[in-house]
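Some notes on the structure that comes next.
Residue numbers (this note's numbering): 6 to 272.
Pasting the structure below:
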């Protein structure tokens, strides 16, 4: 299959899975192996195409991000009743620090089908633990999230550096274990994903600059645009579904997916 059509398929996969607790990167790595789209360029594509899905969140929550530009209010550390830039910074710092420290190691050792299958299972177990826990909810809505909870969610986000673990899976689960409702944790995850993914994409493009050429621009743009459109629909749908669906169902899906791909790729 041509790289262009592989990029389209992977863009669809990314848009559908980026904000579900099932790991978009894991899905793209496994799908890429089925399509024969592998190698260093494919690894960079799998990072960059996520930007399309993140742009969808930027569009859907544009009023919230415009509000962050009110720095006086956003950086009022004593502010209560509204998520502000300090919440965002606390949630971002752990993943940024750890990501910068181990970025090259992760890309070299963890971007493979075997490690993804393991993380799908381990991440699924975390989701079930969070879903079955009976932690008292102290943040029913996103704006109820405290600074302490925001930092804790940021620590859980570090788990997402392992491809297949899922950013949304780790942060939603972490938020629930820290006392946030499923919906509050999900919406906060969406917001935090924007600056984190912009930074990750920029870093990966810079480090991979010698591996790419203008000939690659077409497939990168195609994948990005497709993931943006699909993610716009997926985010709205997920927020409606998550009100009625237990998070554990996503864990069961992860277990089945890991089993199916284990049979396809290793037996």
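Even for Gly, the Cβ is constructed at its ideal location relative to N, Cα and C.
- Comparing alpha carbon positions, the residue from 207, 225 and 243 closest to residue 108 is 207.
- Going by DSSP, residue 245 is part of the alpha helix (DSSP H) stretching over 222 to 246.
- By DSSP's assignment, residue 185 forms a beta bridge with 144.
- Going by beta carbons, residue 204 and residue 179 fall outside the 8 Å limit.
- Counting along the chain, the unbroken alpha helix (DSSP H) around residue 14 starts and ends at 8 to 22.
- Comparing C-alpha distances from residue 73 to each of 62, 57 and 93 shows the shortest one belongs to 93.
- For residue 130, the uninterrupted alpha helix (DSSP H) segment begins and ends at 118 to 137.
- Here the alpha carbon of residue 98 sits roughly 36 Å from the alpha carbon of residue 270.
- With contact defined as three or more Cβ pairs closer than 8 Å, the region 165 to 185 and the region 125 to 138 are in contact.
- With respect to residue 24, residue 243 sits close: the two C-beta atoms are nearer than 8 Å.
- Where residue 269 is concerned, the enclosing alpha helix (DSSP H) starts and stops at 253 to 271.
- Its chain contains 88, 92, 144, 185, 189 and 193 as the residues whose beta carbon lies nearer than 7 Å to that of residue 150, once the 5 sequence neighbours on both sides are disregarded; these appear in chain order.
- Residue 113 counts as exposed, since fewer than 16 other beta carbons sit within 10 angstroms of its beta carbon.
- Shown here for residue 32: same chain residues with a beta carbon closer than 7 Å to its own, the five before and five after excluded, namely 18 and 22 in chain order.
- The continuous stretches of alpha helix (DSSP H) do not include residue 66, and DSSP gives it neither H nor E.
- In this structure, DSSP gives residue 43 a state outside helix and strand, which the three-state scheme calls coil.
- If you compare the alpha carbons of 44, 176 and 26 with that of residue 239, the shortest gap goes to 26.
- Per DSSP, reduced to three states, the secondary structure at residue 180 is helical.
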